[in-house]
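Note sheet for the following structure.
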Amino acid sequence: MSRTVLVAAVLTATFTTPAFAYIDPITGSVILQALIGGFAAVSLAVRQVREKIFTALGFKSKAVEETSADDAAK
Amino acid sequence: MTAPVRDPGSFRDPNAYVFADGERIVRAVMPAAHEAFGDVYDSGILGELNAKGLMIGCERIEDGDLEGYTGARGESAAALYSHPRVPFLSYPYEWVFSQLKDAALAHLDLQIAALDKGFVLSDATAYNMQFIDGKPVHIDVMSVRRYKNGEHWDGYNQFCRQFVLPLLIEAWAGVSFQPMYRGSLNGISFEDAMSILPKRKLFTSLGGFMHVYLHGKAVLSNTSSPDDKHKATAPLPKARYKAILKQLRNFVADLKSAKRPDSYWKEYAKKNSYSEPMRDVKLDFVGRWGETFKPATFWDIGGNTGDFSMAAIEKGAGKAVILDADLDSLEGAYRLRTRKGDPVLPVMMNMNDPTPALGWRQTERKGLAERADADGIIALAVIHHMVIGGNLPFQEAVDWLMDLAPCGIIEFVPKRDPMVKQLLAVREDIFPDYTTERFREIISSRATIVDEHEFEENGRLLVSYKSK
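So the protein lines, in turn, are chains A and B. Quick note, in the numbering used here, the first sequence goes up one by one and the last residue is 82. Quick note, in the numbering used here, the second sequence goes up one by one and the last residue is 517.
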């Protein structure tokens with residue numbers, strides 16, 4: 009449910025701007041990178057924390073991605 | 050000395066053009082990029098990436114004669130660099146899922162390693178990845194340039210269309226990406242991908258949500274606000290740039306083809322390691338051919354998982370390109386052989402409809418015929434698929450195979466063979482000339498038969514020949 013709310017919020021913020029003119033498709037790709045970069049950084053940090061917890065609990069886990077938490081914190 | 054000849058497919062990048070020079074490729078750098086690329090070369094980054102196995106080796110040609118190195122726009126070269134020629138150019142629409150996935154991961158590894166050293170790639174085209182000694186390697190050294198603080202990833206859209214979306218339509222929808230990819234050189238469009246991919250996956254996978262749904266909506270949107278230009282030029286922090294690359298890497302690394310479970314491939318070698326009683330005889334025959342002719346490179350047409358390629362290689366042949374239309378066989382060849390270091394390159398190719406030349410003036414991507422420089426071919430149990438399955442004229446089919454290389458083996462499968470009986474079971478036999486005698490005649494008319502073996506069980510005939 010919370011995921012759906014998040015999706016709706018992001019879409020509302022991103023795609024309901026008034027029609028103005030044709031936009032170069034690549035421009036859309038570029039504009040989005042700040043948002044996606046933020047999501048990606050958070051997901052990497054979560055993944056790293058999860059890996060650390062799994063390792064601490066003695067579960068076999070995938071190699072922890074280096075520097076992701078540092079990057080996410082910047 | 051003959052004048053350098055520019056590769057007709059090299060015209061898009063005005064900074065440098067590709068010239069073939071025997072076993073090496075010369076990259077003629079134009080004045081506009083001379084200083085910047087010289088700086089990249091002097092920094093040592095290309096050597097570092099090469100040492101990691103991610104970028105092809107590159108050397109500056111000191112005091113090279115620039116005469117004749119003229120660009121597609123009439124420019125004169127300012128400097129020359131060289132790197133080895135790729136033994137066999139293959140394209141993403143000729144790869145199986147695991148090949149495209151490995152190429153995507155290598156591309157991202159390259160970008161992450163470069164960014165750590167303050168460099169980026171100017172694009173993300175999958176065509177710059179080529180398999181050399183079984184590993185995906187980036188071959189366009191000119192793509193590397195200095196990172197500019199706050200810049201965006203220029204290749205993001207291209208990477209998604211040429212790597213991520215094709216992988217996803219097989220991973221999430223079970224649809225083969227190759228035919229669509231071949232029909233669209235720029236990669237799968239977001240419009241098509243979003244129609245094919247299950248909606249559920251776009252909202253339950255973070256990667257799907259970000260790289261397909263949000264990205265697709267942004268790309269396909271025809272609306273804009275007055276401050277879009279400002280948004281597009283707003284700096285992207287380097288940490289976010291790198292986070293996109295690393296998150297994408299994790300996302301791609303977790304993808305699996307929906308067609309077959311991994312366990313299927315573990316059993317695949319066993320399924321194919323025994324079948325016909327004639328198998329050992331065939332392996333010996335192909336081994337003798339490899340020992341006699343020792344072709345440096347050969348094509349194994351209809352090569353399946355490469356068992357017969359390996360029989361030739363073990364006896365002295367060099368490298369094989371396995372051309373086959375069956376994606377399962379090629380996936381098996383890649384997983385069971387190429388990844389383990391065997392010198393075989395699986396390439397998806399339907400012999401009745403080989404890859405054509407594509408792109409601007411049909412020069413950007415080469416057709417199969419333009420890449421025919423093998424020293425030999427083996428075509429085991431494919432001729433009946435071409436002639437009876439594909440209605441190709443018998444003589445044309447044999448001639449076509451023999452034109453590919455100066456020596457080879459062709460296996461003739463006669464009408465009394467169960468496989469041919471099956472092909473003819475539900476159709477009229479309109480192939481009166483499809484006989485063993487005619488096969489021998491065609492071969493003998495243009496080549497010397499070096500070795501042959503006819504199987505009593507089903508009449509199949511193996512012929513090893515050398516062109517006159």
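Backbone N, C-alpha and C define an ideal beta-carbon position, used for all residues, glycine too.
Own chain partners of residue i with C-beta closer than 7 Å, once the 5 adjacent residues on each side are dropped
i              : result
residue 145(B) : 376, 379, 380, 383, 395 and 397
residue 101(B) : 162
residue 111(B) : none
residue 444(B) : 491
Same chain, Cβ closer than 8 Å to residue i, five either side skipped, listed in chain order
i              : result
residue 30(A)  : Only weak support exists for where residue 30(A) lies, its pLDDT of 41 falling under 50; the coordinates are left without a value.
residue 4(B)   : The shown model of chain B, from 50 to 517, leaves out residue 4(B), and the question about it has no answer.
residue 200(B) : 169, 284, 285 and 290
residue 294(B) : 157, 160, 161, 164 and 202
residue 262(B) : 243, 251 and 252
Contacts that residue i makes with chain A (C-beta to C-beta distance below 7 Å)
i              : result
residue 211(B) : The contacting residues do not exist; residue 211(B) stays about 13 Å from chain A at best.
residue 296(B) : 48, 51 and 52
Interface partners of residue i on chain B, CB under 7 Å
i             : result
residue 57(A) : Within 7 Å Cβ-Cβ: nothing; residue 57(A) doesn't reach chain B, min ~14 Å.
Residue j beta carbon less than 8 Å from that of residue i
i              : j              : result
residue 400(B) : residue 350(B) : yes
residue 39(A)  : residue 267(B) : yes
residue 508(B) : residue 463(B) : yes
residue 390(B) : residue 364(B) : no
residue 166(B) : residue 94(B)  : yes
residue 331(B) : residue 429(B) : yes
residue 215(B) : residue 205(B) : no
residue 153(B) : residue 45(A)  : no
residue 237(B) : residue 210(B) : yes
residue 432(B) : residue 446(B) : yes
residue 406(B) : residue 306(B) : no
residue 128(B) : residue 67(B)  : no
residue 234(B) : residue 408(B) : yes
residue 372(B) : residue 355(B) : no
residue 190(B) : residue 130(B) : yes
residue 451(B) : residue 516(B) : yes
residue 65(B)  : residue 76(B)  : yes
residue 327(B) : residue 506(B) : yes
residue 461(B) : residue 485(B) : yes
residue 138(B) : residue 420(B) : yes
residue 427(B) : residue 361(B) : yes
residue 223(B) : residue 308(B) : yes
Interface flag, residue i vs chain A, CB-CB below 8 Å
i              : result
residue 163(B) : no
residue 155(B) : no
residue 299(B) : yes
residue 270(B) : yes
residue 103(B) : no
residue 293(B) : yes
residue 259(B) : yes
residue 159(B) : no
residue 170(B) : no
residue 267(B) : yes
residue 263(B) : yes
residue 498(B) : no
residue 167(B) : no
Chain B within 8 Å of residue i, Cβ atoms only
i             : result
residue 66(A) : no
residue 61(A) : no
residue 31(A) : In this predicted model, residue 31(A) has a pLDDT of only 44, less than 50, meaning its place in the structure is not dependable enough to derive any value.
residue 76(A) : Because the pLDDT of residue 76(A) is 41, which lies under 50, any placement of that residue in the model is unreliable, and the question is left without a value.
Contacts that residue i makes with chain A (C-beta to C-beta distance below 9 Å)
i              : result
residue 290(B) : 41 and 45
residue 255(B) : 47, 48 and 51
Chain A contact residues for residue i, given Cβ-Cβ distances below 8 Å
i              : result
residue 175(B) : Within chain A, no residue comes near residue 175(B); the closest Cβ sits about 17 Å away, beyond 8 Å.
residue 285(B) : 41, 42 and 45
Same chain, Cβ closer than 6 Å to residue i, five either side skipped, listed in chain order
i              : result
residue 121(B) : 60
residue 183(B) : 387
residue 344(B) : 366, 424 and 425
residue 368(B) : 346 and 392
residue 413(B) : 58
residue 99(B)  : 106
residue 513(B) : 338, 458, 499 and 500
(request) With 7 Å as the limit, tell me which residues of the region 197-221 of chain B have their beta carbon closer than that to any beta carbon of chain A; keep them in chain order. (result) Residues of the region 197-221 of chain B with a Cβ closer than 7 Å to any Cβ of chain A, in chain order: 201, 202, 205 and 206.
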